[in-house]
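Protein chains in written order, with our numbering: chain A, 834 to 1235; chain B, 834 to 1235.
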């Protein structure tokens, strides 16, 4: 278990620099035709160069057998216990579309759905209306104000939207209105603790007003369901814990949002891999920690596109050449979870990691791959230990105890 | 996490004998010229013989990335959670100079310092006065009694001393008087809980009396600062947990003190490595657990003296020959942390360990080194698990559950 209080008590600011390169969904499974994973198939001279001088291993983002979502995967990489600090669905949905939440706001995921004349749900997704239609309906509902609480409504995709309740004394501890099945009526939102009475009441009023506004003319989208009510968690920032001035470079809103949650500054960047590394180089002197996120590998894995995932890894390898030239004190390359193209989704398989620093104790591994990492000097370990290891190798941690 | 209650419930006294040889600071980093660590450079036929018949691995004394002080490093070796059982600075300083503490005593680290005519600190170390001068000043302050609390003052080195508050109803939960900077006045000691009011009051009176006694004639040492107020923690003894009759052989006071804290008997010994092993042999029939501590490797590492550290390891190897001849049931050789000569200090790198017993399941490793231990049968594990493993291999643990 990660002990952030301990890390906080021994971390010290220093000029040394740490770069954490996250190739989203890095880990894979062997192609049945070649017996090689995506990473093993890719031609990666720069990664291999780092591994040869560095140390490698395999991480478990949450724990063996657990397939992490993007949020737990990244929280673990940043050193936070991903189980203890689980982030609510509503908040994640908001973060994923770049909606800025304020402390005390409550966010919920919404579905436009279809109800019949008796009020029973007949289609939880309203026939997957278009994203344009969703945006039009969100405009219809956006800004409803109930008892000084403003409800902001943002379209996501197809039938999905986000509702943000902005006002005083809101507690997210309420049940969902989505019955998760058809043939029944939407559920009333009910408070699970006395402090949540106010939000439950406002949410039910909002749903009633939404129903009224979604008149028959918008059929099949004539009702809204809400679930995943949650507030932004209050996390100690990476500056508070590690005394780092941390910057994030990510082309997707979700990862920028997660970085903001832990107090990183998000740098403006163009979205190609080369652009992201160029952004790092331009800002190199202003920060001592960089989180650089590459989405493409995960997206290719989710699509089941083995070759494209290989290609993304090769692009990262290519871009690493210049980063190595800048000589950061510590370079970590890993993923937030595995996304094998064969499984077309996130998976539980442990994630390859390499750590390069002048002060690591190198192992004998000379190739960055799942199978080679098995005999790496870092062994197999929880991803929450990556940050302490990176900090140690950057000589930013003082001795614990005398 | 170590579960001492579980171990206690299944440990049984038996005639089998365990020897734990701690080569302080054992782990290292490769010499850039040879690519080999201190241990890998040393010629160690006896250690290799033990590894060939035994099992090996790598331990994390506290957790990955954390550099342990000597106290956490040793507590972990003895099976105690080093975070939960962190020992205060004052107590450690007292232990380090062989001062016997009694339950309820409070120890503090002291500095002689210089204050100007306005009472502001101008030098926190009083120009690093000689150890002789320090001893003279300690005599001046030693034995001051306030409200039935006697304050015993012992010199450490240069400007540093230890103050032990001996009396009833003392609680160490107080702030420090050392402002940790110059140009400001020493701070008043204040209680952090109501029970600590009495100690805070007595400490302030002591400091005032010390100031009066350190008249201008002792300039630059005209004031005293106190920090690290702490009491001896109450630990279950190794006899209580493991039912062992445990003996310690160590040439440095700090390690004798730590051994006493966990209930070991400290054996008189001459200080060379050969002497320490001879002491073990002489007392072999009287105990069933021996902790034998070798300081030289850590001292050489701290001095950045790679060759001397190699030589200390070779001396230990040589002395092991006779120990092997006595045929203890279990021999464990490890360190309390790494001290790479390259870093000139303790480090976070995992520590090689070998365990030899008739009942271990041998691995294929035939050489005691950091890189070979990577593929050892013990894997990489928290140092707190060493004692349960040693106990199991000595057949001193009964089955857990039916």
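Positions of the beta carbon are idealized from the N, C-alpha and C atoms, including for glycine.
Notebook entry, point to check: Would you report the Cα separation of residue 1182 of chain A and residue 1203 of chain A, rounded to the nearest angstrom?
Noted result: 10 Å
Next item on the list: Out of B:998, B:968 and B:837, state which residue places its alpha-carbon closest to the alpha-carbon of residue 989 of chain B.
Entry: Closest by alpha carbon: B:968.
Check: Does the Cβ of residue 842 of chain B have 16 or more other Cβ atoms within 10 Å, making it buried, or fewer, making it exposed?
Finding: exposed
Notebook entry, point to check: Which residues share a DSSP beta bridge with residue 1184 of chain A?
Noted result: A:892, per the DSSP bridge assignment.
Item checked: Residues of its chain near residue 1046 of chain A, where Cβ-Cβ distance is below 7 Å and the 5 sequence neighbours each way are ignored -> 973 and 974
Checklist line | Inter-residue Cα distance where the pair is residue 844 of chain A and residue 894 of chain B | finding: 18 Å
Next item on the list: Run down chain A in chain order and give the residues with a C-beta less than 8 Å from the C-beta of residue 922 of chain B.
Entry: 1235
Item checked: Simplified DSSP assignment, three categories, for residue 932 of chain B -> coil
Notebook entry, point to check: Okay, do the segment 1072-1079 of chain A and the segment 1116-1134 of chain A touch, 3+ Cβ pairs below 8 Å being the bar?
Noted result: yes
Next item on the list: Just the chain B side, please: which residues come within less than 7 Å of residue 836 of chain A by C-beta, in chain order?
Entry: Chain order gives the chain B residues near residue 836 of chain A as 916, where near means a beta carbon separation below 7 Å.
Next item on the list: Closer than 6 Å by C-beta to residue 1143 of chain A: which residues in its own chain qualify, once you throw out the five before and the five after it? Chain order, please.
Entry: 871, 874 and 875
Next item on the list: Just tell me which of A:852, A:1206 and A:1210 has its CA closest to the CA of residue 1118 of chain A.
Entry: A:852
Checklist line | C-alpha gap between residue 1147 of chain B and residue 1156 of chain B, whole angstroms | finding: 15 Å
Margin query: Out of A:941, A:917 and A:935, which one is the CA nearest neighbour of residue 926 of chain A?
Written below: The option with the nearest alpha carbon to residue 926 of chain A is A:941.
Notebook entry, point to check: Whose Cβ in chain B lies nearer than 9 Å to the Cβ of residue 887 of chain A?
Noted result: Here the premise fails: no neighbours, minimum Cβ distance about 13 Å.
Next item on the list: Could you name the residues of chain A that residue 1203 of chain B contacts, counting a contact when the two beta carbons are closer than 9 Å?
Entry: 1194 and 1210
Checklist line | DSSP state of residue 1220 of chain A mapped onto helix, strand, coil | finding: helix
Notebook entry, point to check: Can you tell me where the beta strand (DSSP E) with residue 946 of chain A in it begins and where it stops?
Noted result: 939-948
Next item on the list: Output yes if chain B places a C-beta closer than 8 Å to the C-beta of residue 1071 of chain A; else output no.
Entry: Chain B contact via Cβ: absent.
Checklist line | For residue 1091 of chain A and residue 935 of chain A, the rounded distance between their alpha carbons | finding: Counting only the Cα atoms, residue 1091 of chain A lies some 14 Å from residue 935 of chain A.
Next item on the list: Tell me, please, which residues DSSP counts as bridged to residue 979 of chain A.
Entry: A:982
Checklist line | 8 Å contact criterion, which residue 901 of chain A and residue 1179 of chain A should meet: CB distance rounded | finding: 7 Å
Next item on the list: Could you pull the start and end residues of the beta strand (DSSP E) that residue 903 of chain A belongs to?
Entry: Residue 903 of chain A -> not in any beta strand (DSSP E); alpha helix (DSSP H) instead, spanning 903-910.
Note to self: My assumption, with CB atoms under 8 Å, is that residue 892 of chain B sits in contact with residue 1215 of chain B. Please give the rounded CB distance.
What the structure shows: Contact between residue 892 of chain B and residue 1215 of chain B holds: CB atoms are separated by about 7 Å, below the 8 Å threshold.
Next item on the list: Compare the C-beta of residue 903 of chain B against all C-beta atoms of chain A and say whether one is closer than 8 Å.
Entry: yes
Check: If you compare alpha carbons, which of B:1093, B:1085 and B:1039 is closest to residue 1104 of chain B?
Finding: B:1085
Note to self: Any beta carbon of chain A sitting closer than 8 Å to that of residue 897 of chain B?
What the structure shows: yes
Check: So what's residue 1227 of chain B in DSSP terms, helix, strand or just coil?
Finding: Coil at residue 1227 of chain B, not helix or strand.
Next item on the list: With distances taken Cα to Cα, identify the nearest neighbour of residue 992 of chain A among A:868, A:947 and A:899.
Entry: A:947
Check: To the nearest angstrom, how far is it from the Cα of residue 1021 of chain A to the Cα of residue 906 of chain A?
Finding: 33 Å
Item checked: Neighbour list for residue 1179 of chain B in chain A, Cβ cutoff strictly below 9 Å -> Those are 1232, listed as they occur along chain A.
Note to self: Suppose the cutoff is 8 Å on Cβ atoms and the five residues either side in sequence are ignored; what does the same chain contact list for residue 1049 of chain A look like?
What the structure shows: 1055
Next item on the list: Check whether the Cβ of residue 1166 of chain B sits closer than 7 Å to any heavy atom of the ligand FMN, and report yes or no.
Entry: Only the bare structure without any ligand can be found here, which leaves the ligand FMN out of the picture.
Notebook entry, point to check: How about residue 862 of chain B and residue 1185 of chain B: do their beta carbons lie closer than 8 Å?
Noted result: In this structure, residue 1185 of chain B does not lie closer than 8 Å to residue 862 of chain B by Cβ.
Note to self: Counting only C-beta atoms, is residue 1214 of chain A closer than 8 Å to chain B at any point?
What the structure shows: yes
Next item on the list: Please say whether residue 880 of chain A and residue 1130 of chain A have beta carbons closer to each other than 8 Å?
Entry: For residue 1130 of chain A and residue 880 of chain A, no; Cβs fall outside 8 Å.
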